[in-house]
Amino acid sequence: MDWPYHINTTLTTSQKALRRQTIDRYGLDAHLSPLLPIAWYWLYVLFKWVVRARQTRGEYAAVPGSPHVKSEARPAAGRAAKWWRRGLWWVGGRGEEQERVVHQLAGLVWAAWLGVLAVHGTGDDYLHLTKRFGMIAASQLPILYLLMMKNRYSPLRYLLRASHEELNPYHRILGQIIVTLFSLHAGFYLNFFIRANLVKNLFTRPVPSLGLLSIIFI
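Encoded structure:
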């Protein structure tokens, strides 16, 4: 199967401007994406609070002693949580192993989401794909810094009600994702310079030279 992307250096000024706007838009989407898990966390907290409040007011009927009826009466969310805990136990056991599985699952989901943002809408434009990977990687640097913060002024400590030790695994995983995206960005650009016979630009032009040094020492 042929490589679906092609190097096109004959784009008009308006086409290049449109490509830049598209890259910026997807970069902004990726930059704002960390707000989603924060929103989901607070929706979960709100849901638990509502359920607990309703149970306290006695709005739920007493659950009969029959296991079958008790199972039928259990809220769907409770059953889902039970199956989630069973799944984690089956995959990773308990304690630290279970936490490791959760971290890895979260990392896979986040990597897949960023991968979609890096590829979607690029068409067959090789340079668009190359630039998009760099933009998506750079868009994650602010949240990486916030995950790294250890002092009491870290906003994520308050938004997620988590300690630095609890956030640090996500910091490491996100760092690995960013390095991977930047490496793909650099690899695609290096391939472009080789195929376009522009290797000398890597050493004579400031932007390619700085990019090469950055990926070497990253």
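FYI, the numbering for the sequence shown is 8 to 225, going by this note's numbering.
Heads up, the beta-carbon is just placed ideally off N, CA and C, and yes, glycines get one too.
Buried or exposed (CB count within 10 angstroms, at least 16 for buried), residue 185: Burial check for residue 185: the Cβ neighbour count within 10 Å reaches 16 or more, so the residue is buried.
Close beta carbons around residue 128, own chain, < 8 Å, minus the five adjacent residues each side: Closer than 8 Å at Cβ, skipping near neighbours: 29 and 33.
Check whether the Cβ atoms of residue 24 and residue 143 lie closer than 8 Å to each other. Going by C-beta atoms, residue 24 is not nearer than 8 Å to residue 143.
Close Cβ partners of residue 182 (< 8 Å) along its chain, the five nearest in sequence each way excluded: 151.
Grouping DSSP H, G and I as helix and E and B as strand, with all else coil, what is residue 131? Residue 131: coil per DSSP, three-state reduction.
Please report the Cβ distance between residue 134 and residue 14, rounded to the nearest whole angstrom; I am assuming they are in contact, meaning their Cβ atoms lie under 8 Å. Right, the Cβ-Cβ distance comes to about 7 Å (below 8 Å), so this counts as a contact.
CB of residue 157 within 8 Å of CB of residue 178, strictly: No, Cβ-Cβ distance for residue 157 and residue 178 is not below 8 Å.
Spatial neighbours of residue 110 within its chain, please: CB distance less than 7 Å, with the 5 preceding and 5 following residues excluded, ordered by chain position. Hits under 7 Å: 176, 177 and 180.
Endpoints, the alpha helix (DSSP H) within which residue 47 is located: For residue 47, the uninterrupted alpha helix (DSSP H) run begins and ends at 42-63, by DSSP.
For residue 126, which option in 208, 114, 117 and 139 has the closest C-alpha, if you only look at C-alpha atoms? Comparing Cα positions, the closest option is 139.
Residue range of the alpha helix (DSSP H) that includes residue 23: Start and end: 20-39.
Express the C-alpha separation of residue 136 and residue 194 in angstroms, rounding to a whole number. Cα to Cα, the separation comes out at about 12 Å.
Determine whether the beta carbon atoms of residue 154 and residue 124 lie at a separation below 8 Å. No, the pair does not count as a contact, with Cβ atoms beyond the cut-off.
Can you tell me whether residue 31 is buried or exposed? The criterion is at least 16 other CB atoms within 10 Å of its CB, across all chains shown. In summary, residue 31 is exposed, with fewer than 16 beta-carbon neighbours lying within 10 Å of its beta-carbon over all protein chains present.
Along the alpha helix (DSSP H) that carries residue 176, what are the first and last residues, could you check? It spans 171-202 - the alpha helix (DSSP H) in which residue 176 sits, taken as one unbroken run.
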